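A.B. asks: Right, I'll just put the structure down here and ask away after.
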Amino acid sequence: MKLLHIDSSILGDNSASRQLSREVVKAWQAADPEVEVSYRDLAAEAIEHFSAATLVAAGTPAELRDAAQKHEAQLSADTLAQFLAADAVVIAAPMYNFTIATQLKAWIDRIAVAGQTFRYTEAGPEGLCGNKKVIVVSTSGGLHAGQATGVAHEDYLKVILGFMGITDVEFVRAHGLAYGDEVRSKAMNDAHAQIKQDLFSAA
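This is the structure we're talking about:
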């Protein structure tokens, strides 16, 4: 079992999503000591955003690429290969301005690749990653799950993961973190309890 752990919060050690995603990974390792974990910190080592340069690099034969194009092509290839090699992914997804971190979006843009993670057919698009499991650690200062304000956060992640064929998706949620100490404490405690009691209870 290969597990890819993705962090995207800009808050470092003060991040609730980082704390909870670490806890998910530790619980997974306890349930399956053989799991191989790879880690990517998208805030500390940000991926360049998808751009015209990305498309040009992809469309240029390898032997004709200049240094910048080689870098772009290698970044895309390495990011995609790491994702494809994973059997499961833990994604820490804090909300910023009603959506996911821009760093996480940049990563998604590198793994959503036609012919690799999805393909178009005469019957419509088909996801190619249906064998993967994803746990999303969803955090926010407000209460947005199931609301219009959450569409570009959790709902977006459901859509893009589903588009790639991934339907085995679980959310560990800690919302209302900015609503005061009592609400924050309850949200974090509930998330801790879900990780300990529910996610790996069958293991």
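Note that the sequence shown ends on residue 203 in the numbering used here; no numbers are left out. The beta carbon of each residue, even a glycine, is placed where N, CA and C say it ideally should be. In this text, all values refer to a predicted model and were calculated from it rather than measured experimentally.
For the segment 70-138, list the alpha helix (DSSP H) runs that are entirely contained and at least 4 residues long, ordered along the chain.
C.D. replies: Listed in chain order, they are 102-111.
A.B. asks: With three or more beta-carbon pairs closer than 8 angstroms as the criterion, would you say the segment 93-107 touches the segment 141-154?
C.D. replies: Verdict: yes, contact present.
A.B. asks: Among 192, 126, 38, 36, whose alpha-carbon lies nearest the alpha-carbon of residue 19?
C.D. replies: The residue labelled residue 19 in the question sits at position 19 within the sequence shown. The candidate whose alpha carbon is nearest that of residue 19 is 192.
A.B. asks: My guess is that residue 90 and residue 35 are in contact by the Cβ rule of under 8 angstroms, so how many angstroms apart are they, rounded?
C.D. replies: For the purposes of this step, residue 90 is identified with residue 90 of the sequence shown, where counting begins at 1. For the purposes of this step, residue 35 is identified with residue 35 of the sequence shown, where counting begins at 1. Between residue 35 and residue 90 the Cβ distance is about 11 angstroms, and since that is not below 8 angstroms, they are no contact.
A.B. asks: What ranges does the alpha helix (DSSP H) occupy inside the segment 14-72, keeping only unbroken runs of at least 4 residues that lie completely in it?
C.D. replies: The segment 14-72 contains these whole alpha helix (DSSP H) runs: 16-31, 52-59.
A.B. asks: If you run the structure through DSSP and keep just helix, strand and coil, what is residue 5?
C.D. replies: Position 5 of the sequence shown holds residue 5. Three-state result, residue 5: strand.
A.B. asks: I'd like to confirm the pairing. Which residues does DSSP put opposite residue 173 in its beta bridges?
C.D. replies: Residue mapping note: residue 173 aligns to position 173 of the sequence shown, counting from 1. Paired residue(s): 138.
A.B. asks: Measure the alpha-carbon distance for residue 170 versus residue 93 and round it to whole angstroms.
C.D. replies: Residue mapping note: residue 170 aligns to position 170 of the sequence shown, counting from 1. Residue mapping note: residue 93 aligns to position 93 of the sequence shown, counting from 1. The straight-line gap from Cα to Cα measures roughly 13 angstroms.
A.B. asks: Given a cut-off of 8 angstroms on the beta-carbon distance, is the pair residue 108 and residue 160 in contact?
C.D. replies: Within the sequence shown, numbered from 1, the residue matching residue 108 stands at position 108. Within the sequence shown, numbered from 1, the residue matching residue 160 stands at position 160. Yes. Within cutoff.
A.B. asks: Determine, for residue 60, whether the minimum Cβ-Cβ distance to residues of chain C falls below 8 angstroms.
C.D. replies: Any reference to chain C falls outside this structure, which holds one protein chain only.
A.B. asks: From residue 187 to residue 145, what does the alpha carbon distance come to, in whole angstroms?
C.D. replies: Residue numbering aside, residue 187 sits at position 187 when the sequence shown is read from its first letter. Residue numbering aside, residue 145 sits at position 145 when the sequence shown is read from its first letter. Their Cα atoms are separated by approximately 13 angstroms.
A.B. asks: Could you work out which residue in 41, 132, 14, 125 is closest to residue 168 when comparing CA atoms only?
C.D. replies: Your numbering for residue 168 matches position 168 in the sequence shown. Measuring from the Cα of residue 168, the nearest candidate turns out to be 132.
A.B. asks: Just to confirm before moving on: does the CB-CB distance between residue 199 and residue 135 stay below 8 angstroms?
C.D. replies: As a working note, residue 199 is residue 199 in the sequence shown. As a working note, residue 135 is residue 135 in the sequence shown. For residue 199 and residue 135, yes; Cβs fall inside 8 angstroms.
A.B. asks: Grab the span of the alpha helix (DSSP H) containing residue 188 for me, first residue to last.
C.D. replies: By 1-based counting over the sequence shown, the position of residue 188 is 188. First-last of the alpha helix (DSSP H) with residue 188: 181-194.
A.B. asks: Could you tell me the boundaries of the alpha helix (DSSP H) in which residue 162 lies?
C.D. replies: One-based indexing of the sequence shown puts residue 162 at position 162. Run containing residue 162: 156-163, per the alpha helix (DSSP H) assignment.
A.B. asks: Going by alpha carbons, who is nearest to residue 137 out of 173, 180, 61, 115?
C.D. replies: Stepping through the sequence shown from its first residue, residue 137 is reached at position 137. Taking only the C-alpha atoms, the option nearest residue 137 is 173.
A.B. asks: Counting pairs of beta carbons, one from the segment 36-53 and one from the segment 115-126, are three or more of them closer than 8 angstroms?
C.D. replies: No, the segment 36-53 does not touch the segment 115-126.
A.B. asks: Can you find the residues in the same chain that come closer than 7 angstroms, C-beta to C-beta, to residue 21, ignoring five residues on each side of it along the sequence?
C.D. replies: Here the question's residue 21 lines up with position 21 in the sequence shown. Excluding residues within five positions, the ones whose Cβ falls inside 7 angstroms are 5, 7, 90, 92, 137.
A.B. asks: Quick one: Cα of residue 32 to Cα of residue 60, how far?
C.D. replies: On the sequence shown, position 32 is the one that residue 32 refers to. On the sequence shown, position 60 is the one that residue 60 refers to. Those two C-alpha atoms are separated by around 43 angstroms.
A.B. asks: Roughly how many angstroms lie between the CA atoms of residue 177 and residue 139, to the nearest whole one?
C.D. replies: One-based indexing of the sequence shown puts residue 177 at position 177. One-based indexing of the sequence shown puts residue 139 at position 139. Roughly 8 angstroms separates the two Cα atoms.
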